[in-house]
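Asks:
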Amino acid sequence: MWRLLKQTGIAPPETTGPEADDTMPHSVGVGFTDVGTGHPGTKSSDFPTQVFLRWREDFYERMRAHMRAASESIGCSCGSCGAPALVAFSGKRHYMELLNAGRRGKSKIPKVEIGVQPANLLPPGWPFPASTQVIVCCSTSGASPMTAAERLAPYQDLASKLAGVPWPRADLPRCKVKEAAG
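Okay, so the sequence shown: first residue is 11 according to our numbering, each after it adds one.
So this is what it looks like as structure tokens:
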């Protein structure tokens with residue numbers, strides 16, 4: 011993963027690995043987490059749907075807590091102005107499990123495409139506002155059946171989208187702008 015992130019410019023060139031989890035949010039505005047944080051394993055097929063369902067609410071609560079803290083840090087009173095501009099999933103499985111939570115049989119969504127996901131098709135209980143773009147990238151695993159170029163392309167697209175998000179973000183809280191205008 012780290013090689014792809016450095017190659018695309020998402021991670022700074024001096025990044026050597028997971029230690030950047032602690033530095034990149036402040037230095038370049040990019041943070042990392044897992045749906046199942048604290049549960050070792052890199053092969054998502056090792057975790058059945060029931061496990062993802064148990065992880066889901068904890069994941070959503072971590073995301074809501076991050077958004078609250080980011081909102082408070084900029085003086086937001088509505089609680090959502092600190093939402094991330096983008097959320098990217100590395101691999102389809104985690105996103106598909108969130109998207110299909112509570113769905114059964116034919117109501118399950120059979121697949122998602124790599125790239126930006128439609129704002130009207132987000133997982134139930136999704137913790138971020140519709141203004142947060144959701145992007146699904148392919149797995150970074152070399153075991154995935156694809157060429158290096160196919161694996162790199164979604165991350166290049168993600169890097170382009172991230173380049174369009176100024177960092178540090180200088181946004182005024184949207185709720186304060188509305189209050190002042192109203």
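Where a beta carbon is used, it is the ideal one built from N, C-alpha and C, also for glycine.
In this text, all values refer to a predicted model and were calculated from it rather than measured experimentally.
#1: Taking the alpha-carbon of Asp-44 as reference, which of Gly-174, Met-156, Ala-80 and Met-73 has the nearest alpha-carbon?
#2: Which value, in whole angstroms, describes the spacing of the CA atoms of Ile-124 and Val-38?
#3: Below 6 Å CB to CB, which residues in the same chain sit around His-104 once its five sequence neighbours on both sides are set aside?
#4: Which residues bound the alpha helix (DSSP H) around Pro-69?
#5: Assess, as a yes-or-no matter, whether the region 97-117 is touched by the region 137-152 under the definition of 3 or more beta carbon pairs within less than 8 Å.
#6: Which ranges does the alpha helix (DSSP H) cover as unbroken runs of at least 4 residues, wholly within the region 101-132, from first to last along the chain?
#7: Report the three-state DSSP secondary structure of Ser-98 (helix, strand or coil).
#8: Helix, strand or coil for Cys-185, going by three-state DSSP, please let me know.
#9: For Ser-81 and Ser-90, I'd like the C-alpha separation in whole angstroms.
#10: Based on Cα-Cα distance, which residue from Ala-111, Gly-115 and Asp-31 lies nearest to Gln-60?
#11: On a Cα-Cα basis, can you pick out the residue from Ser-117, Trp-12 and Asp-56 that is closest to Pro-28?
#12: Measure from the C-beta of Trp-136 to each C-beta in chain B and report whether the shortest distance is under 7 Å.
#13: Compute the distance between the beta-carbons of Tyr-165 and Thr-25, then report whether it is under 7 Å.
#14: Tell me which residue opens and which closes the alpha helix (DSSP H) that Thr-18 is part of.
#15: Considering Cys-147, what are the terminal residues of the beta strand (DSSP E) in which it resides?
#16: Drop a sphere of 10 angstroms on the beta-carbon of Leu-131, count the other beta-carbons inside from all chains shown, and report buried for 16 or more, exposed for fewer.
#17: Starting from Arg-161, trace the alpha helix (DSSP H) both ways and give me its first and last residue.
Replies: Here's the rundown:
#1: Stepping through the sequence shown from its first residue, residue 44 is reached at position 34. The candidate whose alpha carbon is nearest that of Asp-44 is Met-73.
#2: For the purposes of this step, residue 124 is taken as the residue at position 114 of the sequence shown. For the purposes of this step, residue 38 is taken as the residue at position 28 of the sequence shown. Distance between the alpha carbons of Ile-124 and Val-38 is about 24 Å.
#3: One-based indexing of the sequence shown puts residue 104 at position 94. So the qualifying residues of the chain are Val-45.
#4: For the purposes of this step, residue 69 is taken as residue 59 along the sequence shown, with counting starting at 1. Note that residue 69 is Phe in the sequence shown here, rather than Pro. Looking at the DSSP string, the run of the alpha helix (DSSP H) that includes Phe-69 is 59-83.
#5: Here the region 137-152 makes contact with the region 97-117; the two share three or more CB pairs at distances below 8 Å.
#6: Here the runs fully enclosed are 102-109.
#7: Against the sequence shown, residue 98 aligns to sequence position 88. Contrary to the premise, residue 98 reads as Ala rather than Ser in this sequence. Residue state for Ala-98 is assigned as strand, using DSSP reduced to three classes.
#8: Residue 185 sits at position 175 when you count from the first residue of the sequence shown. Look at Cys-185 here: in three-state DSSP terms it is helix.
#9: Position 71 of the sequence shown, counted from the first residue, corresponds to residue 81. Position 80 of the sequence shown, counted from the first residue, corresponds to residue 90. So the alpha carbons of these two residues sit roughly 6 Å apart.
#10: As a working note, residue 60 is residue 50 in the sequence shown. Ranking Ala-111, Gly-115 and Asp-31 by Cα distance to Gln-60 puts Ala-111 first.
#11: Here residue 28 refers to the residue found at position 18 when the sequence shown is read from its first residue. Closest in C-alpha terms to Pro-28, from the list Ser-117, Trp-12 and Asp-56, comes Trp-12.
#12: In the structure shown, chain B cannot be found, because there is only a single protein chain.
#13: Residue numbering aside, residue 165 sits at position 155 when the sequence shown is read from its first letter. Residue numbering aside, residue 25 sits at position 15 when the sequence shown is read from its first letter. Using a Cβ distance threshold of 7 Å, Tyr-165 and Thr-25 do not count as a contacting pair.
#14: Mapped onto the sequence shown, residue 18 falls at position 8. Note, Thr-18: alpha helix (DSSP H), 12-18.
#15: As a working mapping, residue 147 is identified with position 137 in the sequence shown. Where Cys-147 is concerned, the enclosing beta strand (DSSP E) stretches over 143-147.
#16: As a working mapping, residue 131 is identified with position 121 in the sequence shown. Classification for Leu-131: exposed.
#17: Taking the first residue of the sequence shown as position 1, residue 161 is located at position 151. Here the alpha helix (DSSP H) through Arg-161 covers 158-173.
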